[in-house]
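Visitor: At position 162 of the sequence shown (counting the first as 1) the number is 165 in this note's numbering, and the numbers step up by one without a gap. Glycine included, every Cβ here is placed at the ideal spot set by N, Cα and C. Below you'll find the structure I mean.
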Amino acid sequence: MKRWLPFALMAVVSMTTFAAASVAMAASVLPSYDVQLWVGADESNPDAVVLIAGVRVPDDIPLPMTVRVPLPDGVRLTWAGEILGGDPSADIQRETTIVAGGGGRAVEFTLFESRDGQVEGFWMPLERSGAAKRAKARWVQVVPTDRVDFSVRLPPGAGDVSIIPMPPGAPQQNERGERLFTLPSKPLGLGEAYELEFSFVPGALAADPGSSGVSTQVLVGSLGGLALILAIAVAALLRRERERAGHVDVEDG
Numbered sequence: 004m005k006r007w008l009p010f011a012l013m014a015v016v017s018m019t020t021f022a023a024a025s026v027a028m029a030a031s032v033l034p035s036y037d038v039q040l041w042v043g044a045d046e047s048n049p050d051a052v053v054l055i056a057g058v059r060v061p062d063d064i065p066l067p068m069t070v071r072v073p074l075p076d077g078v079r080l081t082w083a084g085e086i087l088g089g090d091p092s093a094d095i096q097r098e099t100t101i102v103a104g105g106g107g108r109a110v111e112f113t114l115f116e117s118r119d120g121q122v123e124g125f126w127m128p129l130e131r132s133g134a135a136k137r138a139k140a141r142w143v144q145v146v147p148t149d150r151v152d153f154s155v156r157l158p159p160g161a162g163d164v165s166i167i168p169m170p171p172g173a174p175q176q177n178e179r180g181e182r183l184f185t186l187p188s189k190p191l192g193l194g195e196a197y198e199l200e201f202s203f204v205p206g207a208l209a210a211d212p213g214s215s216g217v218s219t220q221v222l223v224g225s226l227g228g229l230a231l232i233l234a235i236a237v238a239a240l241l242r243r244e245r246e247r248a249g250h251v252d253v254e255d256g
């Protein structure tokens with residue numbers, strides 16, 4: 004089983020809640036989602052697009068809590084569990100069930116110790132178009148929410164970047180040169196889809212990575228920028244440790 008961490012130390016993606024205790028969640032309290040597509044997460048397969056999706060249980064909802072994270076068509080789940088917010092090797096993998104949702108499928112698991120959950124998996128291979136590499140993704144919101152955040156993470160040296168919908172601001176960049184492009188957020192109704200696509204020219208084939216329609220201003224020098232740098236350094240170490248340990252995939256069904 005391979006394990007990846009998101010670009011920043013933060014919760015990532017989706018959920019619907021079913022309390023193990025008999026506590027009703029107010030109708031106005033809905034989870035928000037953050038969905039990250041990461042190119043280059045797997046060094047042995049640089050053309051794989053990895054999905055990282057997480058969930059945050061509201062503070063006023065007691066644990067344990069069973070959550071659901073949408074699982075798009077084509078995703079091969081590799082890890083799901085609780086994010087404890089400290090040493091990533093202490094994160095807890097949980098048993099999962101693949102269930103039907105509002106227009107698609109979802110990963111269901113229970114949070115016992117943390118309000119942050121996360122799922123990870125291979126989504127699709129990149130396609131080639133001349134010198135460029137590209138991908139198109141479709142996310143279906145199969146659980147209720149008020150808001151979904153999307154982002155695309157591209158490898159070092161990526162140039163001629165094109166992303167649809169257009170990111171509204173500058174990307175964040177870490178010391179390895181990976182850049183995280185945040186896309187427009189929007190409310191999604193149950194069963195509603197969000198479609199995104201991106202392309203780039205890799206490494207040595209690319210022009211100056213800054214010569215694209217997307218701003219490449221480096222956001223460093225702040226505490227947030229430092230957290231991003233630390234996060235990716237820890238993630239790289241953890242991936243190597245888990246690859247040596249030879250973990251297996253966890254997908255059900």
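Counting only the same chain and skipping the five closest in sequence on each side, list residues whose C-beta sits under 7 Å from that of Ala-109.
Guide: Contacts found: Arg-71, Val-72, Pro-73, Leu-74, Val-102, Val-145, Val-146.
Visitor: What residues in its chain sit with their C-beta under 6 Å from that of Glu-200, if we drop five residues either side in the sequence?
Guide: Lys-139, Ile-167, listed in sequence order.
Visitor: Sorted by chain position, which residues of the same chain lie with C-beta nearer than 6 Å to Asp-50's C-beta, five sequence neighbours on each side aside?
Guide: Cβ neighbours of Asp-50 beyond the five flanking positions: Pro-128, Leu-129.
Visitor: Any idea what DSSP makes of Ala-173, helix, strand or coil?
Guide: If DSSP states are grouped into helix, strand and coil, Ala-173 belongs with coil.
Visitor: Compute the Euclidean distance between the alpha carbons of Phe-184 and Ile-95, then round it to the nearest angstrom.
Guide: If you take the alpha carbons of Phe-184 and Ile-95, they lie about 28 Å apart.
Visitor: When the Cα of Gly-107 is compared with those of Val-58, Trp-142, Pro-170, which residue comes out closest?
Guide: If we check each option's Cα against that of Gly-107, Trp-142 comes out closest.
Visitor: Roughly how many angstroms lie between the CA atoms of Phe-112 and Gly-160, to the nearest whole one?
Guide: Each residue's alpha carbon lies about 37 Å from the other.
Visitor: Can we say the region 83 to 99 touches the region 182 to 198, given the rule of at least three CB pairs closer than 8 Å?
Guide: No, the region 83 to 99 does not touch the region 182 to 198.
Visitor: Using three-state DSSP, classify Pro-128 as helix, strand or coil.
Guide: Of the three classes helix, strand and coil, the one that applies to Pro-128 here is strand, per DSSP.
Visitor: Could you have a look at Gly-120 and say whether DSSP puts it in helix, strand or coil?
Guide: Residue state, collapsed to three classes: strand.
Visitor: What does the alpha-carbon distance come out to for the pair Val-135 and Glu-46?
Guide: According to the sequence as given, residue 135 is Ala; it is not Val. Cα-Cα distance, rounded: 19 Å.
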